[in-house]
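**Q**
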Amino acid sequence: MSTNSNWDCDDYVPHRLSNNIKFKTCVVRNANNDAQGVLVVQNSGTKVANIRGEVSVYGYTPGGVLRQSYGTCRFEDLLPGQTRGCFGYTVDSTVHLEVDTALWMNGSDSNVHLSQGRHDG
Numbered sequence: 561m562s563t564n565s566n567w568d569c570d571d572y573v574p575h576r577l578s579n580n581i582k583f584k585t586c587v588v589r590n591a592n593n594d595a596q597g598v599l600v601v602q603n604s605g606t607k608v609a610n611i612r613g614e615v616s617v618y619g620y621t622p623g624g625v626l627r628q629s630y631g632t633c634r635f636e637d638l639l640p641g642q643t644r645g646c647f648g649y650t651v652d653s654t655v656h657l658e659v660d661t662a663l664w665m666n667g668s669d670s671n672v673h674l675s676q677g678r679h680d681g
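Quick note on my numbering: the sequence shown kicks off at 561 and runs consecutively.
1) Taking the straight line between their C-alpha atoms, what separation do you get for Val600 and Asn610?
2) Take Gln628 and list the residues in its own chain whose beta-carbon comes closer than 7 Å to its own, dropping the five residues that flank it on each side.
3) Alpha carbon to alpha carbon, how far is Lys582 from Cys569?
4) Less than 9 Å separating the beta-carbons of Val608 and Leu639?
5) Exposed or buried, which one is Leu657 when buried takes at least 16 other CB atoms within 10 Å?
6) With respect to the beta strand (DSSP E) encompassing Asp660, which residues constitute its N-terminal and C-terminal limits?
7) Check each candidate in Thr654, Thr606 and Gln642 and name the one with the smallest Cα separation from Tyr620.
8) With a threshold of 8 Å (Cβ to nearest heavy atom), would Leu639 be considered close to the ligand ZN?
9) Using 10 angstroms around the beta-carbon of Thr585, count the other beta-carbons present and answer buried if the total reaches 16, otherwise exposed.
10) Does DSSP classify Ala595 as helix, strand or coil?
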């Protein structure tokens, strides 16, 4: 998975169940200030992890109107050495964006880890 200058990402943090499963919250923004929240997950270990992600985006327009989106990514295996992105829906014309991401690991709702990012346009 590659990024460019349109991406603004927080640092990777380890999932509370494994230091080998790391994730970060990113925002991808275009020239029109349309933006998407992204959950990026990386497996630096030697075992497969089963993951599920959610991305909640709260975008504010220049007039202060709140636009929201919510997206979920299905359960899937994250292989050793693999990086995957879970993209939220696009929110148009934002000047301020708040993104909440959640990562579930290995099939239990108690195994969730949350991350938040705030990005100004």
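Just so you know, even glycine gets a beta-carbon here, dropped at the ideal spot from N, CA and C.
**A** Reading off the structure:
1) 14 Å
2) So the qualifying residues of the chain are Val617 and Tyr618.
3) 13 Å
4) yes
5) buried
6) His656 to Met665
7) Thr654
8) For the structure depicted, the ligand ZN is absent and the ligand set is empty, with no information on it obtainable.
9) buried
10) strand
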